[in-house]
Amino acid sequence: MTNAALAYLSAGLGAGIAIIGVGIGIGQLVAAALEASSRQPETMGDMRTTMIIGAALIEGAAFFALVICILLAVK
Amino acid sequence: MNADTHSTPAEQPQPSHTDSTHNATAAMAGAASGGHDAHGASHDVPPEQVFNHLLGELGDHHGFVLFGHVADLPIMLVDNGFHAYASPAKMEEAGVFTMHKGHPVRKADMKPPQLDLSITNYVMFQWFAFVVLAAIGFFVAGKYKKNPKKAPSGLQNMIETVVVYLRDEVVYPNVKGAAGVRLLPYFITLFFSILLMNLFGLIPGAHTATGAIGVTAGLAIIAFLVINYTAIRESGIGAWFHHLLGGAPIGLAPIMIPIEFMSLFIKPFVLTMRLFANMTAGHIVLLAFVGLIFFFRSIAVAPASVAFSVFIYFLELLAVFLQAYIFTMLTAVFTGMAIGDHAHDEVHGEHH
């Protein structure tokens, strides 16, 4: 396989693998938030904010991997 | 010819399509039919390369493009001396530099100049955001000055809600004491400028200024300076070095100091990447979905593609607000962490 083909292939694989981690992470985060707010409904508002912030931070990590994959694909 | 069948579905009046596809579709129609002025130069792009061409559209231009070529922007280069040209055409005339793949290069050896300070598309949109922010700021402040006792309404109300939220939930809880009061204008400006720059990118035909890593890196560098300057000013330089230990016993210093020192630089870098990638990725996904119509070369894909594009557009809208908030909040948290807790237990005079 040529270098370019390898680069494209690895870019695709890399993006896919990065998303696995993010999916698991955010899934656990939301599950924990839901369970906690079912135990204590009055904290639901605060928890929602924290959950969204946590999700954005985890997604930020996914985007680092995505940027590396995009660099691989276009260069 | 292929070009004609492409243009017809894309160029019809589109009441059912959202604005988000207008941006990409207009550019695509231009690319596919060739010779459209939307790119400031006539390209005849074969349909297979439409996506790559559009990905290039996400980058920077030296012409002010908004639904079409509005004006040529000046090019300013530093290369053993300052060169300024009023437009890319004039630069070609002068003969020292020439455009190569959209960037000015020295004609002699096809290398980029030492420093490219041109006013490009991104710079124009950044200035737009700043001008709008200044206008809103002066307008609202004027209203407060005229009748300070009147209950706010309209734009004033909206700005006040956001400012009060930022002050009470983001800045004061994290940056305690006098530093919080002093830095509050910086945080509010930061939040609103990032928000406006991101929002302008959502307008079809416009570019996201924060989608350029230079812009986000600049914001992060300023945040870095603010964090460290505030830390040194509030707690003294001894405490700043003490933070490098990170609260561990002094025996662990050889491990802790390099790590903490690196984290000083990694935190702003992470801020940069998060904002940049969020903004650019949204646009890339949008382009990909609309590009499906062209890859399959049939209009049957259009409804599903447009539906997905609308969904992604709303997701991007959420991301715009969220990322502005997160950038501001993280800067506040880092500043609070850098100031540390002990500075406020004792009298300030003892530290300086």
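Taken in order, these protein sequences are the chains called V and U. 4 is the number of the first residue of the first sequence in the numbering used here; add one for each residue after it. 2 is the number of the first residue of the second sequence in the numbering used here; add one for each residue after it. We treat Cβ as the ideally placed atom computed from N, Cα and C, and that holds for glycine. Nothing here was measured: the structure is a model prediction, and the numbers come from that model.
Could you have a look at residue i and say whether DSSP puts it in helix, strand or coil?
{"i": "His84/U", "result": "strand"}
{"i": "Ala42/U", "result": "Confidence in Ala42/U is poor, its pLDDT being 36 and thus under 50, which makes the residue's placement unreliable; the coordinate value appears in the next sentence. Here Ala42/U sits in coil by DSSP."}
{"i": "Asp169/U", "result": "helix"}
{"i": "Thr332/U", "result": "helix"}
{"i": "Thr211/U", "result": "helix"}
{"i": "Met4/V", "result": "coil"}
{"i": "Val176/U", "result": "coil"}
{"i": "Gln43/V", "result": "coil"}
{"i": "Arg51/V", "result": "helix"}
{"i": "Thr26/U", "result": "Interpretation of Thr26/U is limited by its pLDDT of 39, a score under 50 that renders its predicted location unreliable; no figure is taken from the coordinates."}
{"i": "Ile204/U", "result": "coil"}
{"i": "Lys78/V", "result": "coil"}
{"i": "Thr121/U", "result": "coil"}
{"i": "Arg298/U", "result": "coil"}
{"i": "Ser310/U", "result": "helix"}
{"i": "Gly219/U", "result": "helix"}
{"i": "Ser13/V", "result": "helix"}
{"i": "Lys150/U", "result": "coil"}
{"i": "Ala249/U", "result": "coil"}
{"i": "Ser341/U", "result": "In the sequence as presented, Ser is not what sits at residue 341/U; that position holds Gly. Coil at Gly341/U, not helix or strand."}
{"i": "Gly237/U", "result": "helix"}
{"i": "Gly89/V", "result": "The shown model of chain V, from 4 to 78, leaves out residue 89/V, and the question about it has no answer."}
{"i": "Gly155/U", "result": "coil"}
{"i": "Leu288/U", "result": "helix"}
List the residues that DSSP assigns as beta-bridge partners of residue i.
{"i": "Thr190/U", "result": "Note: Thr190/U sits in no beta bridge, so no partner."}
Using a threshold of 8 Å, is the CB atom of residue i nearer than that to any non-hydrogen atom of the ligand ATP?
{"i": "Met50/V", "result": "By its list of ligands, the structure shown contains no ligand whatsoever, and the ligand ATP lies outside what it can speak to."}
Contact between the region 317-327 of chain U and the region 213-223 of chain U (3+ Cβ pairs under 8 Å): Verdict: no, contact absent.
Near-chain U residues of the region 49-60 of chain V - C-beta to any C-beta below 8 Å: Ile55, Ile56, Ala59 and Leu60
Segment contact flag, the region 206-215 of chain U with the region 261-272 of chain U, C-beta cutoff 8 Å, min 3 pairs: The region 206-215 of chain U vs the region 261-272 of chain U: no contact.
Touch test, the region 297-305 of chain U against the region 19-32 of chain V, Cβ-Cβ under 8 Å, three pairs minimum: no
Three-pair Cβ contact test at 8 Å for the region 229-239 of chain U versus the region 329-340 of chain U: The region 229-239 of chain U, when compared against the region 329-340 of chain U, does touch it at the 8 Å Cβ threshold.
Proximal residues, the region 108-131 of chain U versus chain V, C-beta separation under 7 Å: Residues: none.
Chain V contacts made by the region 197-221 of chain U, where a contact means CB separation under 7 Å: none
Segment contact, 8 Å Cβ cut-off, at least three pairs: the region 56-67 of chain V with the region 274-291 of chain U: yes
Against chain V: residues of the region 277-290 of chain U by CB proximity under 9 Å: Phe277, Ala278, Asn279, Thr281, Ala282 and Ile285
The region 301-314 of chain U contacting the region 41-51 of chain V, beta-carbon criterion three pairs below 8 Å: Taking one beta carbon from each stretch, the region 301-314 of chain U and the region 41-51 of chain V have fewer than 3 pairs nearer than 8 Å; the two do not touch.
Under 9 Å (Cβ pairs) to chain V, residues found in the region 324-345 of chain U: Listed in sequence order: Gln324, Tyr326, Ile327, Met330 and Leu331.
contact_flag[the region 172-192 of chain U, the region 147-158 of chain U] where n(CB pairs < 8 Å) is 3 or more: no
Chain U contacts made by the region 21-38 of chain V, where a contact means CB separation under 8 Å: Against chain U - using a Cβ distance shorter than 8 Å - the region 21-38 of chain V contributes no residues.
Interface residues of the region 252-276 of chain U facing chain V [CB-CB below 8 Å]: Val271, Met274 and Arg275
Cβ contact check for the region 141-154 of chain U and the region 309-317 of chain U: 3 or more pairs under 8 Å: The region 141-154 of chain U makes no contact with the region 309-317 of chain U; the number of CB pairs closer than 8 Å stays below 3.
Segment contact, 8 Å Cβ cut-off, at least three pairs: the region 185-198 of chain U with the region 131-149 of chain U: yes
Cβ pair count under 8 Å reaching 3, the region 198-213 of chain U against the region 246-263 of chain U: no
Contacting positions in the region 8-20 of chain V - beta carbon closer than 7 Å to chain U: Taking 7 Å as the upper bound on Cβ-Cβ separation, chain U lies near no residue of the region 8-20 of chain V.
Stretch-stretch touch, CB-based, cutoff 8 Å, three pairs: the region 178-187 of chain U with the region 242-254 of chain U: no
The region 64-78 of chain V / the region 5-24 of chain V touching (three or more Cβ pairs under 8 Å): yes
Selection of the region 61-74 of chain V by Cβ proximity to chain U, strictly under 7 Å: Gly63, Phe66, Phe67, Leu69 and Val70
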